[in-house]
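Numbering (the numbering used here), first residue to last: 2 to 404.
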Amino acid sequence: MTTPDITARRALGACAALMVGALTLTACGGNANASNSGGKDSPKTSTAKIAISAKDGATDASINATGVKVSDGKLTDVKMTVAGSGQTVPGAISTDGHSWKPKQQLERGTKYQIAAAAKDADGRPAAANAIFTTVSSANSFIGTYTPDNGSTVGVGMPVSFTFDKSITDKKAVQSHITVNSSSGQQVVGHWFGDRRLDFRPQEYWKAGSKVTMNIDLDGVQGAQGVYGVQKKTVSFTVGRSQVSTVDVNTETMTVVRDGQTLKTMPISAGSPQHTTYNGQMVISEKFTQTRMNGSTVGFGGEYDIPDVPHAMRLTTSGTFIHGNYWYNRGNPPFGRQGTSHGCVGLADVQGAQGDTPAKWFFDNSLVGDVVIVKNSPDSTVSPDNGLNGWNMSWSAWTAGSAV
2 MTTPDITARR ALGACAALMV GALTLTACGG NANASNSGGK DSPKTSTAKI
52 AISAKDGATD ASINATGVKV SDGKLTDVKM TVAGSGQTVP GAISTDGHSW
102 KPKQQLERGT KYQIAAAAKD ADGRPAAANA IFTTVSSANS FIGTYTPDNG
152 STVGVGMPVS FTFDKSITDK KAVQSHITVN SSSGQQVVGH WFGDRRLDFR
202 PQEYWKAGSK VTMNIDLDGV QGAQGVYGVQ KKTVSFTVGR SQVSTVDVNT
252 ETMTVVRDGQ TLKTMPISAG SPQHTTYNGQ MVISEKFTQT RMNGSTVGFG
302 GEYDIPDVPH AMRLTTSGTF IHGNYWYNRG NPPFGRQGTS HGCVGLADVQ
352 GAQGDTPAKW FFDNSLVGDV VIVKNSPDST VSPDNGLNGW NMSWSAWTAG
402 SAV
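Now the structure itself:
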C-alpha cells in the first residue's frame with residue numbers, strides 16, 4: 002500500500018528527473034507546446050460567442066426578453082427546460098441561426114435552465130449554459146388593459162390599464178406606454194388613483210381610425226423593488242360612430258350613427274327612488290343574457306333576475322342598458338315612466354329571442370359606443386365609474402397626466 006508521503010516523494014522525484022532530462026520544460030505539468038518541441042499546435046478555440054440574455058444565477062430575469070444569441074457562428078441546438086421538473090420550453094432558432102427565443106412568454110417566479118450549442122465558420126463547437134429565475138410576482142407588476150388586440154370598438158372606447166400593484170413612479174410607467182391614432186388626434190393619459198391609467202383624445206375617436214398602443218414596461222420600475230414585465234404592441238380599429246341619447250324627460254332614446262338618426266326608441270329609465278346617472282357612458286361589456294342580483298349593488302334582496310337579456314354595461318357600479326321581459330304587459334312603462342333601479346330598460350322577451358327593441362339595439366351596438374343620459378334628477382356619473390372619462394373637461398384630463 003502506498004502512503005500519501007511516499008506518493009508525494011515519487012512525484013517530486015519524477016519531476017526532478019524530468020527537469021534534468023528535458024530542460025525545455027519549466028515546471029511540473031507546464032505547457033509542453035513550446036516552439037522548439039517539435040509537436041503539433043493544439044486545436045484553436047471556436048470563434049463562436051454565445052450570449053444568454055439571463056445571467057447564470059439571476060433571480061430577476063425577464064419573462065419577455067429571455068433568449069440566446071450568437072456572434073461569429075450559428076446555433077446548432079438550444080434546449081430550455083423548467084429546472085427541477087425538466088419540462089421542455091418550446092422555442093425556435095432563427096432562420097439565420099443567430100438567435101433563439103421561446104415561443105411563449107415565460108412564467109413569473111419560475112426557475113429555468115438553458116443549454117446552448119453553436120459552431121463557428123470552421124465547424125468548431127462552442128457551448129454555454131445558464132440557470133436563472135424569472136422575476137417574481139411579488140417584485141413585478143402587470144397591467145390588464147382594454148380594448149383587446151384586433152378588436153373593433155366604438156368611438157368612445159378609451160385605452161384603459163388597471164395595474165395589479167400600486168404605482169408610485171407614474172411618470173416612468175406612463176412614459177413607457179404610447180398610444181397613437183391614424184387620425185392624428187393627440188392622445189393623453191390620465192391617472193385615476195395609483196392603479197388605473199386611461200388614455201383618450203380630446204374628442205371621440207375618428208370613425209374608421211386605427212389606434213396602436215406600444216407597451217414597453219419590461220424592466221421599468223413602477224414602485225420600490227417592483228418592475229414591469231410587459232412588452233407588446235396592441236392595435237384596434239374604431240368602427241362607425243354611434244352615439245345614443247337617453248332623454249329621461251321623454252323616456253326615449255335616439256340612436257345616431259355617422260350623423261344620421263337610425264331610430265328613436267321608448268325606454269324606461271330609473272324610478273324616482275332609484276334614478277339613472279346623467280352623462281356620457283361607454284358600453285364596456287355585452288352579454289346576451291346575465292344575472293342581476295340587487296344584493297351585489299347595494300339593493301339587498303329587492304331583485305334577483307337570473308336571465309336578464311341583451312345587457313350592456315355602462316358603469317362599474319352596475320348601470321346597464323338591457324332588455325326587460327318582466328314588465329306589466331297591461332301597463333308597459335316604456336316611453337311613459339321610469340321603473341328601474343337606475344338602469345335603462347328596453348322591451349324584450351325571456352330567452353333573448355325574437356324581434357324586440359332590446360335585441361335590435363344589442364345587435365347594432367359595439368363595445369365602446371356612447372350612451373348619453375340627460376335630464377335625469379341624478380348627478381353626472383363619475384369619470385372613473387366605468388370607462389367614462391368623457392365626463393371630465395380636457396384641461397382636467399390633461400392635468401391628471403404624469404408625463
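Quick reminder that beta carbons are idealized off the backbone N, C-alpha and C, glycines included.
By DSSP, does residue i sit in helix, in strand, or in coil?
i: Met393; result: coil
i: Val160; result: strand
i: Ala59; result: coil
i: Trp327; result: coil
i: Trp398; result: helix
i: Asp364; result: helix
i: Thr27; result: Low confidence applies to Thr27: its pLDDT is 36, below 50, so where it sits in the model is not reliable enough to give any reading.
i: Lys233; result: strand
i: Gln105; result: coil
i: Ser72; result: strand
i: Ala173; result: helix
i: Pro358; result: helix
i: Ser138; result: coil
i: Ala208; result: coil
i: Asp121; result: coil
i: Ile143; result: coil
i: Ser272; result: coil
i: Ser184; result: coil
i: Val239; result: strand
i: Leu263; result: strand
i: Pro91; result: coil
When you compare only the Cα positions, how much space is there between residue i and residue j?
i: Arg201; j: Asp73; result: 47 Å
i: Asn34; j: Asp61; result: Low confidence applies to Asn34: its pLDDT is 34, below 50, so where it sits in the model is not reliable, and the reading given next is rough at best. Cα-Cα distance, rounded: 44 Å.
i: Trp192; j: Asp385; result: 10 Å
i: Asp97; j: Ile322; result: 55 Å
i: Gly85; j: Ala122; result: 35 Å
i: Pro126; j: Leu218; result: 37 Å
i: Thr238; j: Lys207; result: 10 Å
i: Lys75; j: Asp259; result: 56 Å
i: His342; j: Ser380; result: 15 Å
i: Gly224; j: Thr399; result: A small correction: the amino acid at residue 224 is Ala; Gly does not occupy that position in the sequence shown. Distance between the alpha carbons of Ala224 and Thr399: 23 Å.
i: Leu198; j: Val69; result: 34 Å
i: Ser242; j: Gln261; result: 10 Å
i: Asn376; j: Asp248; result: 6 Å
i: Thr169; j: Val221; result: 12 Å
i: Leu367; j: Lys171; result: 31 Å
i: Gly194; j: Pro91; result: 40 Å
i: Lys1; j: Thr67; result: Residue coverage of the chain in this structure runs from 2 to 404, which leaves residue 1 outside it and unanswerable.
Are residue i and residue j closer than 7 Å when you measure CB to CB?
i: Ile268; j: Val345; result: yes
i: Thr118; j: Thr77; result: Reading off the sequence shown, one finds Ala at residue 118, where the question assumed Thr. For Ala118 and Thr77, yes; Cβs fall inside 7 Å.
i: Met282; j: Asn150; result: no
i: Asp364; j: Gly155; result: no
i: Ser182; j: Ser138; result: no
i: Val230; j: Ile373; result: no
i: Val235; j: Met214; result: yes
i: Trp391; j: Gln203; result: no
i: Asp308; j: Asn294; result: no
i: Val79; j: His99; result: no
i: Asn140; j: Val83; result: no
When DSSP builds the beta bridges, which residues end up paired with residue i?
i: His342; result: Answer is none; His342 lacks a bridge partner.
i: Asp199; result: Ser161, His191
i: Glu286; result: Arg314
i: Ser1; result: Not covered by the structure: residue 1. The range shown for the chain is 2 to 404.
i: Asp248; result: Thr253, Lys375
i: Asn150; result: The partner list for Asn150 (beta bridge, DSSP) is empty, contrary to what the question assumes.
i: Ile132; result: Gln114
Any 3 or more C-beta pairs closer than 8 Å across the segment 130-139 and the segment 53-61: yes
Cβ contact (3+ pairs, closer than 8 Å) linking the segment 310-317 and the segment 246-262: no
Contact between the segment 160-170 and the segment 139-147 (3+ Cβ pairs under 8 Å): yes
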